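Asks: Chains as they are written, first to last, in this note's numbering: chain H, 5 to 410; chain A, 5 to 410. Next up is a structure, given as structure tokens.
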């Protein structure tokens, strides 16, 4: 098997069999394709006798999103695989093990995480993950610090920038997050009931002025290797374990963007709880769980990142008094600004989140969407003045209170 | 001739002869090596009969600076050649024509500029170049705009970032400009008479805090393809013509860094005029010429860059009201901050400028060096508050007045 072609189940099994020291030679392997077919084939290959299983993920040469299809480079499979390996080396417990990568087939074989659940689904079901905040804060601190000029040899970092140049996937982000939602673009996809709010946003020049600068940061700031798409759909989770997957959007960008993905997706779930929680007590309790999780993510990230800085920073000026505080504050501000962009794009733009999109009550759904836009705007407009993480939580809570008291 | 080796005069002539449509088949070519041997061999190859001549520049696999020698990649010849081609395409009159590049020999053959003078020498001799401000402003505006996300397809720009990843040459800048001068480093090289001022600077934590942030910008901000070493020694000039040469430090960095190179080198010459001008009238007149040139550089650059933006910007948010003003102000601030760093490094760091270093009067020289440090510090400390280019000129003029009145 050499030249690229989409694999059959039989071929996938044959490839899996050839991985050294995994399956028994005579194992009776079975495979099923479990992907959604939009970007990748995903094969689950297992041996019922030994209880061993793996995932084989193969990139397709196109992307399908909401009926649209456009060609997409297979090089993203290389980027995903190399990012997984790098993240796994930094956070072995938080990233699946890669067994094999094949460039020609654009295929990565990795640890099976079928005992985990996609976090977005878990949050919608009202599960709580007491270890998640610590896990994701560690993932963020370690991957961002050790790929940046603070924690990585600065010449090797430049080679890493080259390795992860990722024009096609970056373009998706640039278009769908940092452009289309702010214009009457064909790719947009929003509830007709909120058209008035969307049109107000399209005419909102002060908002666009902030978004232009956040977009510029996404385009030019080669601060660290980002996961690039770190929403709750890219996280496999159990109560005990957190695994970050799917880094095909990885590239050198502004650290705050990855942090923002986590913050904004938890915030979207927070809004969705008006529907998903069965009682007002349950809602209040779950929202408290989410805000506590959010606070813990930032504070643990902040602590971890500073600890890495104090112990491992290689930049000759890193220990200059005051520099770390300025750096962390700017990180916080970037994260808040990008989080705002993500809340707006998940409401107006092409790709939404199930936390809100699958709400069956049209009025509750509309309310959540309007809140997402309002919160997104407040975060973006205020991000450069943010002094502490309270800005994020306060914005969320005050928006909710505003609805209750209005 | 295939594998890399330093060329002989005879080989250089043979290679020159093979360039199509340049020299006559039977031309009697002569060659001499005119480089300083520190980084490159530079052959001047001419045909007395036809008056035609060319420059053949070959990278050496090491750098020699002030007696030190360290290995250096030959890939810098590729970067230099590709940057020259790109700059020439954008500014055909301001960059020498490249006739041929050979990767294996790390060799570029280009237009001979022997009728031009190195600008630093010309300024020391008191020449005036009435077209220079317009020329260099055009070079800066066009090269920076059309290689940035404002003027270049944003996906192609990412490939250009990859093409110009330049770790070794960037490291020279990072060490010699953004680190060593701020510590008691072995590479430093300063007049023992100013040791008190240098030691004060080494203990100056507020200054280092600003430098740390400017260093970070140099390390992370992939804004545009920079020349990377745009001092007056990288410019060939006559009254009518300006040619920018030697872009081997080219990489994607913050635009302000290139602007700063021009500003700071003119400022160093301004300081040196206490010695080079024969009378106080001549000094005042030449300094006025320099400040007028500086003002014209910024105002013309600002005008040109805005005009390119208004006509050619491809970023979907570029026309957002207010964005251009914010962008230009930040460019100004960056240029002022980087200019301060360059004045300090040219006084304390490894490589100095002849404008001050060749001053024979030890007291005048010391005064100029102390002024360079003081001005550098003021520029760095104030750069983030700068609102107009007056900040730069005022800092220069007030420092001089301070000396005269104290």
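Where is the CB? At the ideal position from N, CA and C, for every residue including glycine. Since this is a predicted model, take the numbers as computed values, not measurements.
1. Please check the pair residue 343 of chain A and residue 268 of chain A, which I expect to be a contact at CB under 8 Å, by giving their CB distance rounded to whole angstroms.
2. What are the residues of the stretch 206-226 of chain H that lie near chain A, defined by any Cβ-Cβ distance shorter than 9 Å?
3. Can you confirm whether residue 183 of chain A, when its beta carbon is compared against all beta carbons of chain H, has any partner nearer than 7 Å?
4. What ranges does the beta strand (DSSP E) occupy inside the stretch 76-157 of chain H, keeping only unbroken runs of at least 3 residues that lie completely in it?
5. Quick one: give me the first and last residue of the beta strand (DSSP E) that residue 50 of chain A is part of.
6. Suppose you measure from the CA of residue 334 of chain H to the CA of residue 361 of chain H; what does that come to, to the nearest Å?
7. Using the Cα positions of residue 53 of chain A and residue 34 of chain A, report the straight-line distance between them to the nearest angstrom.
8. Using a Cβ-Cβ cutoff of 7 Å, what residues of the stretch 144-169 of chain A are near chain H? List them in chain order.
9. Label residue 85 of chain A either buried or exposed according to how many other C-beta atoms from any shown protein chain fall within 10 Å of its C-beta, with 16 as the threshold for buried.
10. Going by alpha carbons, who is nearest to residue 47 of chain A out of A:65, A:311, A:11, A:384?
11. Please classify residue 37 of chain H: does DSSP put it in a helix, a strand, or coil?
12. Which residue comes first and which comes last in the beta strand (DSSP E) that contains residue 342 of chain H?
13. Would residue 59 of chain H and residue 114 of chain H be called neighbours here (beta carbons separated by less than 7 Å)?
14. Does DSSP classify residue 386 of chain A as helix, strand or coil?
15. Within 7 Å (strictly less), CB to CB, does residue 65 of chain H reach chain A?
16. Under the three-state reduction of DSSP, which class applies to residue 379 of chain A: helix, strand or coil?
17. Within the chosen definition, does the stretch 155-164 of chain A reach the stretch 175-189 of chain A through at least 3 CB pairs nearer than 8 Å?
18. In the structure shown, what three-state DSSP assignment does residue 255 of chain A receive?
19. In chain H, which residues lie with their C-beta within 8 Å of the C-beta of residue 175 of chain A?
20. Compare the C-beta of residue 324 of chain A against all C-beta atoms of chain H and say whether one is closer than 7 Å.
21. With 9 Å as the C-beta to C-beta threshold (strictly closer), list the residues of the stretch 6-40 of chain H near chain A in chain order.
22. What does residue 321 of chain H touch in chain A if you count any residue whose Cβ is under 8 Å from its own?
23. Pull up the distance between the alpha-carbon of residue 146 of chain A and that of residue 309 of chain A, whole angstroms please.
24. Span of the alpha helix (DSSP H) holding residue 265 of chain H?
25. Spatial neighbours of residue 4 of chain A within its chain, please: C-beta separation below 7 Å, excluding the five flanking residues on both sides.
26. Does any CB atom of chain A fall closer than 7 Å to the CB of residue 484 of chain H?
27. Between the stretch 185-194 of chain H and the stretch 185-195 of chain A, are three or more C-beta pairs nearer than 8 Å?
28. Output yes if chain A places a C-beta closer than 7 Å to the C-beta of residue 251 of chain H; else output no.
29. Pull the bridge partners of residue 215 of chain A from the DSSP assignment, please.
30. So residue 262 of chain H packs on residue 231 of chain H, CB below 8 Å; how close in whole Å?
31. Using alpha carbons as the reference points, say which of A:184, A:302, A:199 lies closest to residue 215 of chain A.
32. Between the stretch 134-148 of chain A and the stretch 303-317 of chain A, do at least 3 Cβ pairs fall closer than 8 Å?
33. Taking CB distances under 7 Å as the criterion, tell me whether residue 171 of chain H reaches chain A.
34. When burial is assigned at 16 or more other CB atoms within 10 Å of the CB, is residue 366 of chain H buried or exposed?
35. Should the stretch 239-251 of chain H be regarded as contacting the stretch 9-28 of chain A, the criterion being three or more beta carbon pairs within less than 8 Å?
36. Can you tell me the Cα-Cα spacing of residue 42 of chain A and residue 403 of chain A, whole angstroms?
Replies: Considering the structure as presented:
1. Taking the first residue of the second chain as position 1, residue 343 of chain A is located at position 339. Taking the first residue of the second chain as position 1, residue 268 of chain A is located at position 264. With a Cβ gap of about 4 Å, residue 343 of chain A and residue 268 of chain A count as contacting.
2. 209, 210, 212, 213, 215, 216, 217, 219, 220, 223, 224, 225, 226
3. Residue 183 of chain A sits at position 179 when you count from the first residue of the second chain. It does: the Cβ of residue 183 of chain A has a partner Cβ on chain H nearer than 7 Å.
4. Complete beta strand (DSSP E) runs here, min 3: 102-106, 111-115.
5. Along the second chain, one-based indexing puts residue 50 of chain A at 46. It spans 44-51 - the beta strand (DSSP E) in which residue 50 of chain A sits, taken as one unbroken run.
6. The count along the first chain starts at 1 and reaches residue 334 of chain H at position 330. The count along the first chain starts at 1 and reaches residue 361 of chain H at position 357. Cα-Cα distance, rounded: 32 Å.
7. In the second chain, counting from the first residue as 1, residue 53 of chain A sits at position 49. In the second chain, counting from the first residue as 1, residue 34 of chain A sits at position 30. One C-alpha to the other measures close to 11 Å.
8. Listed in sequence order: 153, 158, 159, 162, 163, 165, 166, 169.
9. By one-based count along the second chain, residue 85 of chain A stands at place 81. Under this definition residue 85 of chain A is a buried residue.
10. To locate residue 47 of chain A, count along the second chain from 1; it is residue 43. The shortest C-alpha separation from residue 47 of chain A is found at A:11.
11. Within the first chain, the letter at position 33 stands for residue 37 of chain H. Strand.
12. Within the first chain, the letter at position 338 stands for residue 342 of chain H. It is not in any beta strand (DSSP E) - residue 342 of chain H instead sits in the alpha helix (DSSP H) that spans 327-352.
13. Working through the first chain from its first residue, we reach residue 59 of chain H at position 55. Working through the first chain from its first residue, we reach residue 114 of chain H at position 110. Yes.
14. Stepping through the second chain from its first residue, residue 386 of chain A is reached at position 382. Residue 386 of chain A: helix per DSSP, three-state reduction.
15. Within the first chain, the letter at position 61 stands for residue 65 of chain H. Cβ-Cβ to chain A under 7 Å: no for residue 65 of chain H.
16. Reading the second chain from its first residue, position 375 is the one you call residue 379 of chain A. Collapsing the DSSP output to three states places residue 379 of chain A in a helix.
17. no
18. Taking the second chain and counting its residues from 1, one reaches residue 255 of chain A at position 251. It is a strand residue.
19. The residue you call residue 175 of chain A lines up with position 171 of the second chain. By Cβ distance, chain H contributes 158, 159.
20. Start at 1 with the first residue of the second chain, and residue 324 of chain A comes out as number 320. Interface residue, yes.
21. none
22. Start at 1 with the first residue of the first chain, and residue 321 of chain H comes out as number 317. Within 8 Å Cβ-Cβ: 182, 183, 186, 212, 215, 216, 219.
23. By 1-based counting over the second chain, the position of residue 146 of chain A is 142. By 1-based counting over the second chain, the position of residue 309 of chain A is 305. Near 7 Å, if we compare the C-alpha coordinates of residue 309 of chain A and residue 146 of chain A.
24. Counted from its first residue, the first chain places residue 265 of chain H at position 261. Per DSSP, residue 265 of chain H is one residue of the alpha helix (DSSP H) stretching across 260-280.
25. Within the shown structure, residues of chain A are numbered from 5 to 410, placing residue 4 of chain A beyond reach of any answer.
26. The requested residue 484 of chain H is not part of the displayed model; chain H covers only 5 to 410.
27. no
28. Numbered from 1 along the first chain, position 247 holds the residue referred to as residue 251 of chain H. No, because no Cβ of chain A sits closer than 7 Å to the Cβ of residue 251 of chain H.
29. Residue mapping note: residue 215 of chain A aligns to position 211 of the second chain, counting from 1. According to DSSP, which records beta bridges pairwise, residue 215 of chain A is partnered with nothing at all.
30. Taking the first residue of the first chain as 1, we reach residue 262 of chain H at position 258. Taking the first residue of the first chain as 1, we reach residue 231 of chain H at position 227. Indeed, because the Cβ distance is near 5 Å, the residues count as touching under 8 Å.
31. Counting from 1 along the second chain, the entry for residue 215 of chain A is found at position 211. Cα-wise, what sits closest to residue 215 of chain A is A:184.
32. yes
33. Numbered from its first residue, the first chain carries residue 171 of chain H at position 167. Yes, because at least one Cβ of chain A sits closer than 7 Å to the Cβ of residue 171 of chain H.
34. For the purposes of this step, residue 366 of chain H is taken as residue 362 along the first chain, with counting starting at 1. Under this definition residue 366 of chain H is an exposed residue.
35. no
36. Residue 42 of chain A sits at position 38 when you count from the first residue of the second chain. Residue 403 of chain A sits at position 399 when you count from the first residue of the second chain. Roughly 35 Å between the two C-alpha positions.
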